[in-house]
Amino acid sequence: MSETTSTNEEKKLPLNGRRAIPPNNSNDEENEVPEMEAFGLIPRGFNPRDYLRVEDIYMFKEPHEINKQEHHTDKYYNPKLIVRRGQPFQIQIYFNRPYKPETDQFWLEYLMGRYPQQNKGTYIPILVGNVLKPGQWGAKIIHRENNSIRLSIMSSTTCIIGKFRLYVAVLTPFGILRTRRNSATDTYILFNPWCQLDAVYLDDEKEREEYVLNDVGVVFHGNVEDVKSRSWSYGQFEENILDACLFLMDKAELELSGRGNPIKICRVASAVINSRDDNGVIAGSWNNTYDYGVAPSAWTGSVDILLEYYSSKQPVRYGQCWVFAGVFNTFLRCLGIPARLITNYSSAHDNNANLRLDFFLDDEGKVDTKLTKDSVWNYHCWNEAWMTRPDLPVGFGGWQVVDGTPQETSDGMYRCGPASVQAIKHGHVCFQFDAPFVYAEVNSDIFYTKMEKNGTQVVENIDTTHIGQLIVTKEVGGDGMMDITEEYKFREGSDEERLALETAVMYGVKKQSIQDTMYQPQTDVDMDFQAQKAVLGNDFKVTITFRNKSRNSYTATTYLSGNIVFYTGVTKSEFKKHSFSAKLEPSSSSPFDIVIKSSEYMSDLLEQASFHFFVTARINETGKILAVQKTIVLEIPALRIKTKGELVAGKEMSVIVEFTNPLKQTLENVTLRLEGPGVLRTIKKQFGKIPMNSTLTWEVKCIPMRPGLRKLIASLSCDALRHVYGELNVQIQKP
Numbered sequence: 001m002s003e004t005t006s007t008n009e010e011k012k013l014p015l016n017g018r019r020a021i022p023p024n025n026s027n028d029e030e031n032e033v034p035e036m037e038a039f040g041l042i043p044r045g046f047n048p049r050d051y052l053r054v055e056d057i058y059m060f061k062e063p064h065e066i067n068k069q070e071h072h073t074d075k076y077y078n079p080k081l082i083v084r085r086g087q088p089f090q091i092q093i094y095f096n097r098p099y100k101p102e103t104d105q106f107w108l109e110y111l112m113g114r115y116p117q118q119n120k121g122t123y124i125p126i127l128v129g130n131v132l133k134p135g136q137w138g139a140k141i142i143h144r145e146n147n148s149i150r151l152s153i154m155s156s157t158t159c160i161i162g163k164f165r166l167y168v169a170v171l172t173p174f175g176i177l178r179t180r181r182n183s184a185t186d187t188y189i190l191f192n193p194w195c196q197l198d199a200v201y202l203d204d205e206k207e208r209e210e211y212v213l214n215d216v217g218v219v220f221h222g223n224v225e226d227v228k229s230r231s232w233s234y235g236q237f238e239e240n241i242l243d244a245c246l247f248l249m250d251k252a253e254l255e256l257s258g259r260g261n262p263i264k265i266c267r268v269a270s271a272v273i274n275s276r277d278d279n280g281v282i283a284g285s286w287n288n289t290y291d292y293g294v295a296p297s298a299w300t301g302s303v304d305i306l307l308e309y310y311s312s313k314q315p316v317r318y319g320q321c322w323v324f325a326g327v328f329n330t331f332l333r334c335l336g337i338p339a340r341l342i343t344n345y346s347s348a349h350d351n352n353a354n355l356r357l358d359f360f361l362d363d364e365g366k367v368d369t370k371l372t373k374d375s376v377w378n379y380h381c382w383n384e385a386w387m388t389r390p391d392l393p394v395g396f397g398g399w400q401v402v403d404g405t406p407q408e409t410s411d412g413m414y415r416c417g418p419a420s421v422q423a424i425k426h427g428h429v430c431f432q433f434d435a436p437f438v439y440a441e442v443n444s445d446i447f448y449t450k451m452e453k454n455g456t457q458v459v460e461n462i463d464t465t466h467i468g469q470l471i472v473t474k475e476v477g478g479d480g481m482m483d484i485t486e487e488y489k490f491r492e493g494s495d496e497e498r499l500a501l502e503t504a505v506m507y508g509v510k511k512q513s514i515q516d517t518m519y520q521p522q523t524d525v526d527m528d529f530q531a532q533k534a535v536l537g538n539d540f541k542v543t544i545t546f547r548n549k550s551r552n553s554y555t556a557t558t559y560l561s562g563n564i565v566f567y568t569g570v571t572k573s574e575f576k577k578h579s580f581s582a583k584l585e586p587s588s589s590s591p592f593d594i595v596i597k598s599s600e601y602m603s604d605l606l607e608q609a610s611f612h613f614f615v616t617a618r619i620n621e622t623g624k625i626l627a628v629q630k631t632i633v634l635e636i637p638a639l640r641i642k643t644k645g646e647l648v649a650g651k652e653m654s655v656i657v658e659f660t661n662p663l664k665q666t667l668e669n670v671t672l673r674l675e676g677p678g679v680l681r682t683i684k685k686q687f688g689k690i691p692m693n694s695t696l697t698w699e700v701k702c703i704p705m706r707p708g709l710r711k712l713i714a715s716l717s718c719d720a721l722r723h724v725y726g727e728l729n730v731q732i733q734k735p
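One point on numbering: in UniProt numbering, the residue at position 531 of the sequence shown is 531, and numbering is uninterrupted.
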């Protein structure tokens, strides 16, 4: 027997000349802890029952008990003790006889992982003392009664985040007696935004309630002129989600000893949220075909995605930016890092990070899609996480950009951040991580460049205000929109903005100066482009208006190109070409209307119902070019949600989802999803067909668990129609 165990040991631990023990990067693995650790030979008469012995440990781990109440962890749907670091919690130990401090000696041991070590913070012995020091591990007795004692335990403010195993050790003359391995006493320790010494400390209670404890959020999408919003269920307290989030750190192979540092956690998480290069959580797909998976627009929240990944260990299909950001937000809030989801409208995806997006025009002044590699996303979602940055100079802590959407590689992996928002605003892009990329996303200029026959490039027009026009997040305590553009950039055209740009350029952000490019714009004529509100399946009108401020008459040869685009700004197809000659009278405005028919766009429409118009006009008398581009998002019909019956926790109620098909075609293979944290788990239902103008009704019975204001979220998805949502706030009463 003894021989076989030793060979097993050798198999497990290959000899490695570089480190004495293998990497300790799984929170799930355990080591064997001996119940009796002898100091030498044990005399024959030794009976462990003669000594102080632990009979039971009571953890105060119920949601209504002191620990979860004081640590703001009462919402976690998890039977074990969950506390936040740097704040005392209580346990009660029952011995076989009264504890005598003069002669009895015992201590606590918290262990994590397969190879616990004290210097790595994965083995933590705690002696019982008289006083608790803030921010340091310690324990003191606060109550003694009969055979039991109650302890107050303080954890360190830099303690590792994760699941610890608890043992109680008693000293006897012949060795150490330990409690048996008991998973019921496992203790999760999380970040603590309520504790001033924690790196994620946030000083505003309303913000903590929003950015840590709110399990529903809002995703803003659409475009600058037509901001749309939808709810997203983060569900960070739902069953098994905490374990799934800890598993992500195991998957990313983050050493246990690094898991007390929010900077490291955010950096590895931004890589593991996407499936590129590490088989992470979500596989992205931007090509409008979602075979063998769920369309990104159909998800209503993060829980299904995280649980599917936790059980299958394979990337979940499919996501786009708001899905990556929604799941990342769940991960951060679940671990206790304050986080919010951000939308940047007209977000630059600059392939060569030179703060310049090049749109190439052909001889006629139309955009040449083959040459143009850069793209403007209608919007792009990322996250901000709140933390101190001891690795940067003073003043760059606070909100940090982290982005799980795979756009460009950083240090060889698809990840982005944490990058200090403050550093981006002031142009200090030398500070890690990935600040130049984020700076370009919100600050690039658009260059319209004409390729001459001899290969020279002539800059015809520069738009300095189109990119990063609006940056928003959900307001604290409500579903409205909060404009945070000024957190990222100074006002367009202000002295501070120029200075920040010069600073960014000094720190290595490439920017070609306009002087090199021989650029003289036409200044006495303006061109503007407006579109009327457009509803899916209907015709709508667009208007091009010229304002001639000069005393000259001009003629303008004008091209309008209407394209169906992905929300990333990449063109799928051109559905409208229109050119005309416009006569511009001196000192006057001339509007020109163009009708867009539904028959022109319906066959090729993509799921975000997004059009991109390029308008270019050449003033024939001067040869100068005016250019403008605009995105239009169609109005998509919504789902209606109603409830029936009493809304009381623990009682059955009904939720009814209705949808009327507005298209001039039958919808086929329709999937509906419905979820509401604390009210019902996600339910899916397939419907074969919805004929045009007919209404679908779906009734679901459920028993809400948690009282309070909850949100129901529904989505509808089929090949012809996506991004159909509905939501309803419901007030669940206490029974």
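Every residue, glycine too, gets a C-beta built ideally from N, C-alpha and C.
Counting C-beta atoms within 10 angstroms of its own C-beta, glycine 688 has fewer than 16 neighbours from the protein chains shown and is therefore classed as exposed. For proline 735, the CB contacts under 6 Å within the same chain, skipping 5 residues up- and downstream, are Val648, Ala649, Gly650 in chain order. Secondary-structure assignment with DSSP links alanine 325 through no beta bridge to anything.
Taking proline 707 as the centre and dropping the five residues before and after it, the same chain places the C-beta of Ala649, Ile732, Gln733, Lys734 closer than 7 Å to its C-beta, in chain order. Look at the beta carbons and you see the region 597-611 touching the region 565-576: at least three pairs across the two are nearer than 8 Å. One Cα belongs to aspartate 358, the other to alanine 627, and the distance between them is close to 13 Å. With a threshold of 16 other beta carbon atoms within 10 Å, asparagine 620 falls short and is exposed. DSSP places cysteine 430 outside both helix and strand once states are collapsed to three, so it counts as coil. In this structure, phenylalanine 529 and lysine 630 form a Cβ contact; the two beta carbons are roughly 5 Å apart against a cut-off of 8 Å. Sequence-distant partners of lysine 711 (beyond 5 residues in either direction) whose C-beta falls short of 8 Å from its own C-beta, in its chain, are Val216, Ser231, Ser233, Gly676, Pro677, Glu727, Leu728, Asn729, Val730. Here threonine 388 has Ala199, Gly397 as same chain residues with Cβ atoms under 6 Å from its own Cβ, once five neighbours each way along the sequence are excluded. A Cβ-Cβ contact shorter than 8 Å links isoleucine 462 with phenylalanine 447. Serine 588 has Asn548 as its beta-bridge partners, per DSSP. Looking at the backbone, the Cα of tyrosine 167 and that of phenylalanine 106 are separated by about 11 Å.
Assigned with DSSP and collapsed to three states, phenylalanine 46 falls in coil, not helix or strand. The alpha-carbon separation between lysine 163 and phenylalanine 39 amounts to approximately 30 Å. Taking C-beta separations shorter than 6 Å and ignoring five residues to either side along the sequence, the partners of serine 152 in its chain run Pro88, Gln90, Lys140, Ile142, following chain order.
Buried is the label assigned to arginine 340, since at least 16 other Cβ atoms lie within 10 Å of its Cβ. In this structure, the CA atom of cysteine 718 is about 13 Å from the CA atom of alanine 609. Rounded to the nearest whole angstrom, the C-alpha separation of glutamate 384 and glutamate 364 is 44 Å. One Cα belongs to cysteine 195, the other to aspartate 203, and the distance between them is close to 9 Å. In this chain, the beta strand (DSSP E) harbouring threonine 697 covers 695-702. Here threonine 557 carries a strand assignment [DSSP, helix/strand/coil]. In the structure shown, valine 224 falls within a coil segment according to DSSP collapsed to helix, strand and coil. Between alanine 440 and aspartate 350 a beta carbon distance of about 4 Å is seen, short of the 8 Å cut, so the two are scored as contacting. The residue among Glu238, Leu674, Leu663, Thr503 with its C-alpha nearest the C-alpha of isoleucine 641 is Leu674. Burial state of valine 595 is exposed, judged by a 10 Å Cβ sphere holding fewer than 16 other Cβ atoms. For the beta strand (DSSP E) assignment, the uninterrupted runs of no fewer than 3 residues enclosed by the region 68-118 are, from N- to C-terminal side, 81-84, 89-95, 106-111.
Excluding its 5 nearest sequence neighbours in each direction, glutamate 652 has C-beta neighbours in its own chain below 8 Å: Gly645, Lys701, Cys702, Ile703, listed in chain order.
With contact defined as three or more Cβ pairs closer than 8 Å, the region 359-378 and the region 245-257 are not in contact. In the DSSP assignment, proline 125 falls within the unbroken beta strand (DSSP E) covering 123-129.
Around asparagine 538, the same chain offers Ser598 as residues with beta carbons nearer than 8 Å, after the five sequence neighbours per side are excluded. Residue range 262-272 is occupied by the alpha helix (DSSP H) that includes proline 262, with no beta strand (DSSP E) assigned at that position. By the neighbour-count criterion, in which a residue is buried when 16 or more other Cβ atoms sit within 10 angstroms of its Cβ, glutamate 37 is exposed. Taking a cut-off of 8 Å on C-beta distances, the region 51-66 does not touch the region 210-224, as fewer than three cross pairs fall below it.
Secondary structure at tyrosine 201: coil, using DSSP grouped into helix, strand and coil.
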